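A quick write-up on the structure given underneath.
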Amino acid sequence: MSERKMARGLRRFDTVLIANRGEIAERVKRACLAMNMGAVAIASEADAAEASALEDGGPLCIGPATASKSYLNQAAVLLAARASGAGAVHPGYGFLSENADFAEALERAGLVFIGPPASAIRIMGDKIAAKRAMQQAGVPCVPGPGEPLTDDVEVTCRVAEEIGYPVIIKAAGGGGGRGMRVVRNSAEIADAVSITREEARRAFGKPELYMEKFLEKPRHVEFQVLCDEYGNAVWVGHRDCSLQRRHQKVVEEAPAPGIDAALAAATGARCAEACRQIGYRGVGTFEFLYENGAFFFIEMNTRLQVEHPVTEATAGVDLVQEQLWVAQGETIDPASFDRPASGHAFECRINAEDPETFAASPGRITLARFPVGTGIRVDTHVHDGYRVPAYYDSLIAKLIVHAPTRTEAILLMRKALAETRIDGISTNLPLHVKIFNDPDFVAGTVDIHHLEKRLKEGFCANA
Ligand code: ADP
């Protein structure tokens, strides 16, 4: 790393505008400062009121609380970047992070987008195109054609029969676990297609749908990749994110337990090769369903993920700093990533929500206490007196532990959870305590339906 040009003072940008909020904005800021770069924060009116009490000068206010008028407002973000003199924009996750038009607009304005080329975002943003690209690159996919569905119900039924029921109808532009519907027989097809299409049109502005086999008991296992602009691409370990509620991840871990090392190496190598084929740059994640010892690609996320810290812990790499290096035009040395995962890491997403009903719980945090100690990391933006706004997602902190073995990491997470205290609002901390005491979860290898099943059984009642 010391050989890198940037250390010798040759860099494309000195200051990064962070086009996001919450814990990820803090995370990116830390990486910029560690690399001796400037970091400029932006904030909506709802967030600015909180931030200005703490920071010198405070963030640049870019618009009203509603995300579409602030964090999603490309013109406002661009103006803030120009006004601040930043040379690059880090989009974090969510908001504009997977917006190809935004990446292009930045480049037209002479700014560096810290992410992949717009062309790669476009391919992967369309799940049908992504699936086709992956099939071409030899990445194993969920059975089902890489073609959009038509409105011809008879044809759609034939496609479903070829795949074999149950099937899942998914929106090509879907995200955040929305725009999917499971179909168990031909009588359900017509309604499922029309409802999902309408949802897709409304939520994603894109009515295209596709169909694939619905896997009954898969795990969600994903591979982290990192690429430079010169064709060097590596995979940096895998993660298990099977603990989900409504297709949203709740707990993640690295490495995914019980995966055959040779199969993982072969799958990771395919992911890296696919990156080279599409001219990828920066960090990205290949998401797979894993069932009966086989991997099936579902989608690629062309950005940093919420759960990146578990990979950082076990791979010994700072993924945000790597993003910044690559954006500066540095090369990555594949050999330096060719090492096994070290130990085991877990992440709990702590949300401002009722642990039983999952209703959002915005409001004033009267007291926030987080654990410290060896192997514990907390990524958060909240503090005593912080008011959680009602306008954005409910993630208020990520609790990450790293220990030599999975068993030790579970024990450490139990201790870390016990030492975490957030008063004034409801959080899902009691849910995490239950999860880390659930014998099936502790044993490893639960499937993606496990948490929902537990919740139906009253897992969190009286939590
Ligand atoms: P999103 O972009 O909305 O996150 P994904 O395609 O990544 O959508 O799917 C999200 C989740 O939905 C997966 O983690 C899994 O739980 C479930 N899922 C998606 N496709 C399938 C499938 N073919 N079979 C079973 N479950 C699926």
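Numbered according to this note's numbering, the sequence shown terminates at residue 1441, and the numbering increases by one at each position without gaps. Quick reminder that beta carbons are idealized off the backbone N, C-alpha and C, glycines included. Note that the structure is predicted; figures quoted are calculated from it, not measured.
Exposed or buried, which one is residue 1133 when buried takes at least 16 other CB atoms within 10 Å?
exposed
Helix or strand or just coil, what does DSSP make of residue 1283?
coil
Does residue 1417 pass the burial test, meaning 16 or more other C-beta atoms within 10 Å, or should it be called exposed?
exposed
Hey, quick one: how far does the alpha helix (DSSP H) through residue 1172 stretch, first residue to last?
1167-1182
Under 8 angstroms Cβ to Cβ from residue 1011, same chain only, skipping five residues before and after it: list those, please.
1017
Quick test of your reading: residue 1269 and residue 1217, contact by CB under 8 angstroms. State the CB separation rounded to the nearest angstrom.
Residue 1269 to residue 1217, Cβ: 17 angstroms. No contact.
Report buried or exposed for residue 979, applying the criterion of at least 16 other Cβ atoms within 10 angstroms of its Cβ.
Residue placement at residue 979 is poorly supported in this model, since its pLDDT is 44, which falls under 50; the coordinates are not used for a value here.
How far does the alpha helix (DSSP H) with residue 1220 in it reach, from first residue to last?
Here residue 1220 belongs to no alpha helix (DSSP H); instead the beta strand (DSSP E) covers 1211-1223.
Inter-stretch contact (C-beta, 8 angstroms, three-pair minimum) for the segment 1274-1288 and the segment 1115-1124
yes
With residue 1320 as the anchor, note down where its beta strand (DSSP E) starts and where it stops.
Taken as a continuous stretch (DSSP letters only), residue 1320 belongs to no beta strand (DSSP E), as it is neither H nor E.
Closest to residue 996 by CA distance: which of 1049, 1161, 990, 1043 is it?
1049
Cβ-based neighbour list, residue 1186, same chain, cut-off 6 angstroms, excluding 5 preceding and 5 following:
1126, 1150
Can you name the residues that DSSP bridges to residue 1202?
1263
Between the segment 1295-1305 and the segment 1358-1370, do three or more beta carbon pairs fall short of 8 angstroms?
no
Buried versus exposed, by CB contacts within 10 Å (16 or more), residue 1258
buried
Do residue 1080 and residue 1089 have their C-beta atoms within less than 8 angstroms of each other?
no
Thinking residue 1071 and residue 1281 are a contact (beta carbons under 8 angstroms), I'd like their distance in whole angstroms, please.
5 angstroms
I want to check one thing, is the minimum distance from the CB of residue 1148 to the heavy atoms of the ligand ADP below 7 angstroms?
yes
Return yes when the C-beta of residue 1123 is under 7 angstroms from any heavy atom of the ligand ADP, and no when it is not.
no
Please classify residue 1092: does DSSP put it in a helix, a strand, or coil?
coil
Taking residue 1325 and residue 1288 to be in contact with their CB atoms under 8 angstroms, please state how far apart those CB atoms are, rounded to whole angstroms.
5 angstroms
Exposure label - residue 1415; buried when at least 16 CB within 10 Å
exposed
In DSSP terms, what residue 1328 is bridged to
1375
C-beta contact flag for residue 1387 and residue 1381 at 8 angstroms:
yes
Under 7 angstroms from any heavy atom of the ligand ADP, does the C-beta of residue 1158 make it?
yes
Tell me whether residue 1099 is buried or exposed, calling it buried when 16 or more other Cβ atoms sit within 10 Å of its Cβ.
buried
Name the residue from 1062, 1389, 1406, 1367 whose alpha carbon lies nearest to the alpha carbon of residue 1376.
1406
Heavy atom of the ligand ADP within 7 angstroms of residue 936 beta-carbon:
For residue 936 there is no data in the structure shown, the boundaries of the chain being 979 and 1441.
Could you check the C-alpha separation between residue 1042 and residue 999 for me, to the nearest Å?
14 angstroms
Is DSSP giving residue 1403 helix, strand or coil here?
coil
Please indicate yes or no: does the CB of residue 1282 lie closer than 7 angstroms to some heavy atom of the ligand ADP?
no
Taking the alpha-carbon positions, what's the residue 1327 to residue 1338 distance?
14 angstroms
Answer with buried or exposed for residue 1254, where buried requires no fewer than 16 other C-beta atoms within 10 angstroms of its C-beta.
exposed
Let me know the secondary structure DSSP gives residue 1438 once reduced to three states.
coil
Cβ-heavy atom distance between residue 1222 and the ligand ADP below 7 angstroms?
yes
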